[in-house]
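K.L.:
Residue numbering for the sequence shown follows the numbering used here, beginning at 21 and increasing consecutively.
Cβ atoms here follow ideal geometry from the backbone N, Cα and C, with glycine treated the same way.
What follows is a single structure, and I will ask about it in a moment.
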Amino acid sequence: MEYIPNTPEDQREMLKAIGVSSIEDLLRDIPVEVRLKKDLNLPEPLSELELLKEMKNLSSMNANTEDFISFLGAGAYDHFIPSVVSHVLSRSEFYTAYTPYQAEMSQGFLQTIYEYQTMICELTGMEVANASMYDGASAMAEAALMGTRITKREEIIISSAVNPRYRKVLDTYLRGLKYPVKNIKWDNGITDIEKLSMVISDKTAVVVIQNPNFFGSLEDVAAIIELAHRHGAVAIIVADPIALGILKTAGELGADIVVGEGQPLGIPLNFGGPYLGFFAARMEHIRKMPGRIVGATTDKDGNVGYCLTFQTREQHIKRERATSNICTNEDLVALAATVYMAAMGKHGLRDVANLCLQKMSYAKNKIRELKGYTIPFSAPTFKEFVVKTTVPSEKIQERLYSEKIIGGLNLGTYYPELKDHILLSVTEKRSRQDIERLIQCLSQVAGNVN
């Protein structure tokens, strides 16, 4: 009882209230022979100084992006985060996981969410955005369900070039609904439009693609959207927010719903979370959207005010009328993205995207020249690309790790046909020296094995 602030007198009163005379009486039903009669096999307590040292030693066992050079992406990226992001995030008026239900008490936070929604709309070229979802995967799955509500159909078509983890989450969402899902094969690193045209029909509810896709390749988005609309299906694009700094927006290309992972927008890798799912759509579909939306209004005195609106969750309305049972959002993480986008501005975001493109192209061309490595796909890429190796990819990863380089993803994990293919990511943080170190290690591995 040492850590519970009850005085002996408090304890006596509580025991008396429940009709026992001692704490031992509470344990009477536990046989004596099974009770532990010795101290737990735990180390002695540490002072704060000793504990901090111990925790630092334990954390140093992790491969972190401070001590290692990372070329790993596949959905979570090592981008630079301006210091202003953590500064604003740590302010007491923002640093909370509480959802601002009481508008009169939360105008500042509600305004930041409203600004986040506005920036996401500008970034995606859409007309309305919600206050965020759990992550990119949940945003995509919710978008697919929204598409079935819009079209009143059930069949979902998704490209196999979409992040395989996202597709797993979609499968989980649909398990109880039993909606049919058709996966479209890829060819040359992009969705096979010919195969898509053979599968899509007037029964199709939604078509989901990712751009850039899981391989980093740029899809023919306009052609796929046109094909989806020709059959009355909703077109959903899973977008990279950094790529939107230089690519045409999905809204310009005619997409109905745009979702994605907001982690590149000022959010640390954090071992995979918490992250941020952004979600934007056309205004005509606002009543079908999941999650929360912050709206701007005026009070009786004519002052601008902000409040939660269109709360079509099962906590607020009848379950059978709710658009989603998603229970919360990522307001604090969305604030980080808001500060990042505000700090970078349009030109800054474009500069980051261009740096990613240029550095990725430099690394890609250098690897193409190496013996034992080829670039299997000719489709244009952004930030990521696939490398085919003649050396087992595990050996390459081991060598890179020994040189304090976090290599890319072994694609054979998700695509058996891509055994000994590695997905490499190059962000604006990678210097020429970093890339040259990668090239040198790859060259040495190929030479040593051959």
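Between G427, T447, R452, R450, which has its C-alpha nearest D440's C-alpha?
P.N.:
Numbered from its first residue, the sequence shown carries residue 440 at position 420. Checking every option, the nearest Cα to that of D440 belongs to G427.
K.L.:
Am I right that H305 and D276 are in contact with their C-beta atoms under 8 Å? What's the rounded C-beta distance?
P.N.:
Translated into the one-based positions of the sequence shown, residue 305 becomes position 285. Translated into the one-based positions of the sequence shown, residue 276 becomes position 256. Sure, about 7 Å apart at Cβ, within 8 Å.
K.L.:
If contact is defined by three or more beta carbon pairs under 8 Å, each pair taking one atom from either stretch, is the stretch 399 to 409 in contact with the stretch 256 to 263?
P.N.:
Result yes; three or more Cβ-Cβ pairs closer than 8 Å.
K.L.:
Look at the Cβ atom of A151, then the Cβ atom of I133, and state whether they are nearer than 8 Å.
P.N.:
Walking along the sequence shown from the start, residue 151 turns up at place 131. Walking along the sequence shown from the start, residue 133 turns up at place 113. In contact: A151 and I133 (Cβ atoms closer than 8 Å).
K.L.:
Assess, as a yes-or-no matter, whether the stretch 365 to 377 is touched by the stretch 204 to 211 under the definition of 3 or more beta carbon pairs within less than 8 Å.
P.N.:
Too few Cβ pairs lie closer than 8 Å, so no.
K.L.:
Per DSSP, what kind of secondary structure is D207 in: helix, strand or coil?
P.N.:
Residue mapping note: residue 207 aligns to position 187 of the sequence shown, counting from 1. D207 falls in the strand class under three-state DSSP.
K.L.:
For the structure I just gave you, are there three or more beta carbon pairs, one from the stretch 285 to 296 and one from the stretch 315 to 333, closer than 8 Å?
P.N.:
Judged by Cβ distances under 8 Å, the stretch 285 to 296 makes no contact with the stretch 315 to 333, as fewer than three pairs qualify.
K.L.:
L60: beta carbon under 7 Å from a heavy atom of the ligand GTP?
P.N.:
Annotation note on the ligand GTP: not contained in the displayed structure, which lists no ligands.
K.L.:
Taking all protein chains shown into account, do 16 or more other C-beta atoms lie within 10 angstroms of the C-beta of N470, making it buried, or fewer, making it exposed?
P.N.:
Walking along the sequence shown from the start, residue 470 turns up at place 450. Here the model assigns N470 a pLDDT of 43, short of 50, so the residue's position is not dependable, and the following value carries that caveat. Flag for N470 reads exposed.
K.L.:
Which first and last residues belong to the beta strand (DSSP E) in which N231 is found?
P.N.:
Along the sequence shown, one-based indexing puts residue 231 at 211. Where N231 is concerned, the enclosing beta strand (DSSP E) stretches over 224 to 231.
K.L.:
Should the stretch 412 to 419 be regarded as contacting the stretch 209 to 222, the criterion being three or more beta carbon pairs within less than 8 Å?
P.N.:
The stretch 412 to 419 vs the stretch 209 to 222: no contact.
K.L.:
Considering T27, what are the terminal residues of the alpha helix (DSSP H) in which it resides?
P.N.:
Along the sequence shown, read from residue 1 onward, the residue named residue 27 stands at position 7. Looking at the DSSP string, T27 is not in any alpha helix (DSSP H), and its letter there is neither H nor E.
K.L.:
Give me the Cα-Cα distance between I229 and I89, rounded to the nearest whole angstrom.
P.N.:
Locating residue 229 in the sequence shown gives position 209, counting from the first residue. Locating residue 89 in the sequence shown gives position 69, counting from the first residue. Between I229 and I89, the C-alpha separation is close to 30 Å.
K.L.:
Leaving out five residues before and five after A356 in sequence, what residues of the same chain have Cβ atoms less than 7 Å from its Cβ?
P.N.:
The residue you call residue 356 lines up with position 336 of the sequence shown. Excluding sequence neighbours, A356 sits near V105, L109, G286, I287.
K.L.:
Name the one or two DSSP bridge partners that T401 has.
P.N.:
Residue numbering aside, residue 401 sits at position 381 when the sequence shown is read from its first letter. Looking at the DSSP assignment, T401 forms a beta bridge with S237.
K.L.:
Since T329 and I346 should fall inside the 8 Å C-beta cutoff, what is the C-beta to C-beta distance between them, to a whole number of angstroms?
P.N.:
Sequence index remark: in the sequence shown, residue 329 carries index 309 (1-based). Sequence index remark: in the sequence shown, residue 346 carries index 326 (1-based). With 8 Å as the limit, T329 and I346 do not qualify as a contact, their Cβ atoms being about 16 Å apart.
K.L.:
Using the three-state DSSP reduction, which class does V40 fall into: helix, strand or coil?
P.N.:
As a first step, residue 40 is located in the sequence shown; it is residue number 20 there, counting from the start. In this structure, V40 counts as coil in the three-state DSSP scheme.
K.L.:
Quick one: what's H99 bridged to in DSSP?
P.N.:
Position 79 of the sequence shown, counted from the start, is the residue given in the question as residue 99. None, per the DSSP bridge assignment.
K.L.:
Going by DSSP, which residues form a beta bridge with M153?
P.N.:
Taking the first residue of the sequence shown as position 1, residue 153 is located at position 133. DSSP, once it has assigned bridges, lists G297 as partnering M153.
K.L.:
Just the Cα atoms here: how many angstroms apart are L71 and N77?
P.N.:
Sequence index remark: in the sequence shown, residue 71 carries index 51 (1-based). Sequence index remark: in the sequence shown, residue 77 carries index 57 (1-based). Spanning the two alpha carbons is a distance of roughly 10 Å.
K.L.:
Going by the beta-carbon positions, is the gap between T168 and Y199 smaller than 8 Å?
P.N.:
Your numbering for residue 168 matches position 148 in the sequence shown. Your numbering for residue 199 matches position 179 in the sequence shown. Taking 8 Å as the Cβ cut-off, T168 and Y199 qualify as a contacting pair.
K.L.:
Who are the Cβ neighbours of G145 in its own chain at under 7 Å, not counting the five residues just before and after it?
P.N.:
The count along the sequence shown starts at 1 and reaches residue 145 at position 125. Same-chain partners within the cutoff: T269, A270, G271, E272.
K.L.:
Going by C-alpha to C-alpha distance, which of M139, Y154, M166 sits closest to V359?
P.N.:
Sequence index remark: in the sequence shown, residue 359 carries index 339 (1-based). Of M139, Y154, M166, the residue nearest in Cα terms is M139.
K.L.:
Specify the secondary structure class of G196 as computed by DSSP and reduced to three states.
P.N.:
As a first step, residue 196 must be located in the sequence shown, where it is residue number 176. The answer is coil: DSSP assigns G196 none of H, G, I, E or B.
K.L.:
In three-state terms, what does DSSP make of E272?
P.N.:
Within the sequence shown, the letter at position 252 stands for residue 272. DSSP places E272 in coil when its eight states are reduced to three.
K.L.:
Using DSSP with H/G/I as helix, E/B as strand and the rest coil, what is K308?
P.N.:
As a first step, residue 308 must be located in the sequence shown, where it is residue number 288. Looking at K308 - three-state DSSP - the assignment turns out to be helix.
K.L.:
Just to confirm, are S422 and F91 a CB contact at a threshold of 8 Å?
P.N.:
Counted from its first residue, the sequence shown places residue 422 at position 402. Counted from its first residue, the sequence shown places residue 91 at position 71. No, the pair does not count as a contact, with Cβ atoms beyond the cut-off.
K.L.:
Are the stretch 383 to 403 and the stretch 49 to 60 in contact at 8 Å, needing three or more beta carbon pairs?
P.N.:
No contact exists between the stretch 383 to 403 and the stretch 49 to 60.
K.L.:
In chain order, what residues of the same chain have a beta carbon less than 7 Å from the beta carbon of G454, not counting five sequence neighbours either side?
P.N.:
As a working mapping, residue 454 is identified with position 434 in the sequence shown. What sits at residue 454 in the sequence shown is Asp, not Gly. The answer, listed in chain order, is I89.
K.L.:
Quick check: what's the CA-CA separation for M380 versus T447?
P.N.:
Stepping through the sequence shown from its first residue, residue 380 is reached at position 360. Stepping through the sequence shown from its first residue, residue 447 is reached at position 427. Taking the straight line joining both Cα atoms gives about 7 Å.
K.L.:
When you compare each of S463, S451, I459, V465 to D98 by their alpha carbons, which one comes out closest?
P.N.:
As a working note, residue 98 is residue 78 in the sequence shown. It is S451.
K.L.:
For a quick check, are the C-beta atoms of S237 and I210 less than 8 Å apart?
P.N.:
Here residue 237 corresponds to residue number 217 of the sequence shown, with the count starting at 1. Here residue 210 corresponds to residue number 190 of the sequence shown, with the count starting at 1. Cβ distance < 8 Å, so S237 and I210 count as in contact.
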